[in-house]
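Numbering (mature numbering (1 follows the signal peptide of the UniProt record, and there is no 0)), first residue to last: -18 to -1, 1 to 200. Glycine included, C-beta positions come from ideal geometry on N, C-alpha and C. Note that this is a predicted model, so its numbers are computed, not measured. Structure record follows, encoded as structure tokens.
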């Protein structure tokens, strides 16, 4: 009986501590987010810092590109991306460009400077988003997803500016292209982009979707 009261108080203290730890640091399974199933699960920021849910692009074919203004690939890529956009923008096609300064510091400007350069020098009319990281500890969640869906040759990391991801109308990543792949080389895929995801994967597997696939995949 002598120890009953101290033991009761100690028990209450530990019980309270247990509840605090449980709710402050839940088990990993409680904290783990449900895996993203499509790009529509993500929200990104445009070049002005405004939130843009990618679900806004449901039903469209997307080409997602990490861009830079001072790269040796810049001129040719912007020129051909503009051609693709002008040709297909009214047919349910959209290009989403994400500036990135991780490759030889070739996109050093502020978001405002990047927008000015892209719109005036390269005449781009497709959406330009806020500058992000595509590799490393600060990788944007969207790019973590893109790389998990379509890994690269040897490593999954983005290797350089103008790596391209093709996304179908269901929000599924169907192909990844190397930085040196001409945007116009991707055009041959567009005729099949009305296919369901399963049908498209089957066509890719059969080699029907792209010519010289090995030479242009990242």
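The alpha-carbon of residue 131 is positioned some 32 Å away from that of residue 95. Inclusion of residue 78 and residue 44 in the CB contact set at 7 Å is warranted, their separation being smaller than that value. Under DSSP, residue 38 takes part in no beta bridge, so it has no partner. As computed with DSSP, residue 76 is found in a beta bridge with 44. If you check the CB distance, residue 138 and residue 129 come in under 7 Å. Apart from sequence neighbours up to five positions away, the residues of its chain that approach residue 49 with a beta-carbon distance below 6 Å are 79, 81, ordered along the chain. Under the three-state reduction of DSSP, residue 157 is assigned to strand.
DSSP lists 45, 157 as the bridge partner or partners of residue 148. Beta-bridge partners assigned by DSSP to residue 81: 49. Leaving aside the five residues that flank residue 164 on each side, the residues in its chain whose CB is nearer than 7 Å to its CB run, in chain order, 62.
Nearest to residue 90 by alpha-carbon distance, out of 148, 75, 112, is 112.
With distances taken between CA atoms, residue 109 lies nearest to 47 out of 119, 142, 47.
Under DSSP, residue 110 shares a beta bridge with 79. The C-beta distance from residue 153 to residue 22 rounds to 4 Å, short enough to fall under 8 Å.
Sequence-distant Cβ neighbours of residue 59 in its own chain, meaning closer than 7 Å and more than five residues away, are 144, 165. Here the alpha carbons of residue 66 and residue 170 stand approximately 11 Å from one another. Less than 7 Å divides the Cβ of residue 151 from the Cβ of residue 41. Per DSSP, the unbroken beta strand (DSSP E) holding residue 26 starts and ends at 25 to 27. The residues 34, 111, in chain order, have a CB closer than 6 Å to that of residue 28 in the same chain once the five nearest residues on each side in sequence are set aside. As the crow flies, the alpha-carbon of residue 141 is around 24 Å from that of residue 97.
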